[in-house]
DNA sequence: CGCAATCAAGTTGTGCACAACTAAATGGCG
DNA sequence: CGCCATTTAGTTGTGCACAACTTGATTGCG
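Protein chains in written order, with the working numbering: chain C, 27 to 199; chain X, 27 to 199.
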């Protein structure tokens, strides 16, 4: 997995003309950075438009998707599903609760835990959300196969990146 | 481009058992949503770790990449390159200026425009940034071919999504 | 010319992401 | 039992994204 060959036939071994190669890498990095960043925000923008009529933001929609699929869920579990910590979830859930879509209640079995469940209104929203995914898929202009490929690639990417982040990113291969 | 067939052999024509299909789509949407959202944040996390020693955030790095490649650039142009508006760029540039990395000056030719250029210190930072892309690429665990494929897919995605966002996302195909 | 439309940057307000921290409950161990 | 490490939510502070708005400069047209 390590030791791959790269653009100029270069390997992760110490190259001879590192400076010139580095400059080229900087250009490539700019491109991939931009692509990913732009795609992420473009996706966000389409979801924003589609979710507007539901009164949900994109992260709020993700939370509701989990609740619709699994029902009553502790904040901790929500965080694991979504890879979000309480610093993000607490205020988000507070807003969902203020909107009357979810109910939060401290567990009696373990009073550290807070259990979140959709309210009746929150459950009813699912019916209106059902047509969202089709519209998003249409907006991507990708075939189902391409969507699947993209997802596979993204999941591999996430796993690798998370591992790298945990173990530290080496300066040289 | 429109009118694609989907999972159950369904087309964008009015389907017969829309409800059951919709429920399945909701599950798929949860998956692709999560994948993209997670990948985006995982990428961000790795950049955060690598850029920490440069004292840059990820968006600040993107700005510096543009400035290193093109030199003196008006805020407007920066925004076009990065697809960011002044509401994001103004405070970001203010922080970069406070850090001594860029200089901002109102153009004398057109006093609406503000021109940004790297300071000497900002230019010097490029040397230290040169090794960043290699480390990121290593962290992805992807081959150069896969990186290229990913970029192609992401660019197509962004174009399609931006078009859909501009033209409005249809409820039914 | 004079004025309305346009344009660039900046400001304000809302929401998300995340690091660092606090507070309270729990569980294990001497 | 009593104490401490761990766990779970929540809070605080910083920075980004974006919509809506303000301000001031420029442009174009009657």
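A virtual CB, placed ideally from N, CA and C, is assigned to each residue, including glycine.
Is residue i close to chain X, meaning its C-beta is less than 8 Å from at least one C-beta of that chain?
| i | result |
| --- | --- |
| residue 82(C) | no |
| residue 113(C) | no |
| residue 72(C) | yes |
| residue 61(C) | yes |
| residue 176(C) | yes |
| residue 156(C) | yes |
| residue 49(C) | yes |
| residue 124(C) | no |
| residue 43(C) | no |
| residue 30(C) | Per-residue confidence for residue 30(C) stands at a pLDDT of 41, beneath the threshold of 50, marking its modelled position as unreliable; no derived number is given. |
Should residue i be flagged as near chain C, meaning a C-beta pair shorter than 8 Å?
| i | result |
| --- | --- |
| residue 55(X) | yes |
| residue 68(X) | yes |
| residue 149(X) | no |
| residue 46(X) | no |
| residue 143(X) | no |
| residue 180(X) | yes |
| residue 64(X) | yes |
| residue 188(X) | yes |
| residue 184(X) | yes |
| residue 39(X) | Because residue 39(X) carries a pLDDT of 49, less than 50, the predicted location of this residue cannot be relied on, and the following value inherits that uncertainty. Answer no: the Cβ-Cβ gap between residue 39(X) and chain C never drops below 8 Å. |
| residue 9(X) | The question about residue 9(X) has no answer here: the residues shown for chain X are numbered 27 through 199. |
| residue 191(X) | yes |
| residue 52(X) | yes |
| residue 35(X) | Model confidence at residue 35(X) stands at a pLDDT of 41, short of 50, so the residue's coordinates are unreliable; what they give is reported in the following sentence. Not an interface residue. |
Can the beta-carbon of residue i be found less than 8 Å from the beta-carbon of residue j?
| i | j | result |
| --- | --- | --- |
| residue 68(X) | residue 188(C) | yes |
| residue 144(X) | residue 158(X) | no |
| residue 72(C) | residue 99(C) | no |
| residue 172(C) | residue 93(X) | no |
| residue 83(X) | residue 91(X) | no |
| residue 191(C) | residue 75(X) | yes |
| residue 54(C) | residue 156(X) | no |
| residue 166(C) | residue 49(X) | no |
| residue 177(X) | residue 57(C) | yes |
| residue 118(X) | residue 101(X) | no |
Note the first and the last residue of the continuous alpha helix (DSSP H) segment covering residue i.
| i | result |
| --- | --- |
| residue 143(C) | Looking at the DSSP string, residue 143(C) is not in any alpha helix (DSSP H); the run it does join, the beta strand (DSSP E), is 140-144. |
| residue 172(X) | 170-193 |
| residue 157(X) | Element bounds for residue 157(X): n/a, residue is neither H nor E. |
| residue 64(C) | 44-78 |
| residue 121(X) | 112-124 |
| residue 105(C) | 101-108 |
| residue 91(C) | 84-96 |
With residue i and residue j assumed to form a contact (beta carbons below 8 Å), what rounded beta-carbon distance in angstroms separates them?
| i | j | result |
| --- | --- | --- |
| residue 113(X) | residue 147(X) | Rounded, the Cβ-Cβ distance is 26 Å, inconsistent with contact. |
| residue 62(C) | residue 88(C) | The Cβ separation is near 19 Å, so there is no contact. |
| residue 65(X) | residue 183(C) | 5 Å |
| residue 122(X) | residue 86(X) | 6 Å |
| residue 80(X) | residue 154(X) | 6 Å |
| residue 140(C) | residue 130(C) | 5 Å |
Along the chain, where does the beta strand (DSSP E) that runs through residue i open and close?
| i | result |
| --- | --- |
| residue 130(C) | 128-132 |
- Query: Any residues in the region 158-172 of chain C with a beta carbon nearer than 9 Å to a beta carbon of chain X? Which ones, in chain order?
  - Reply: 158, 159, 160, 161, 162, 163, 164, 165, 166, 167, 168, 169, 170, 172
- Message: Which residues of the region 88-108 of chain X have a Cβ closer than 9 Å to any Cβ of chain C? Give them in chain order.
- Response: 88, 91, 92, 94, 95, 107, 108
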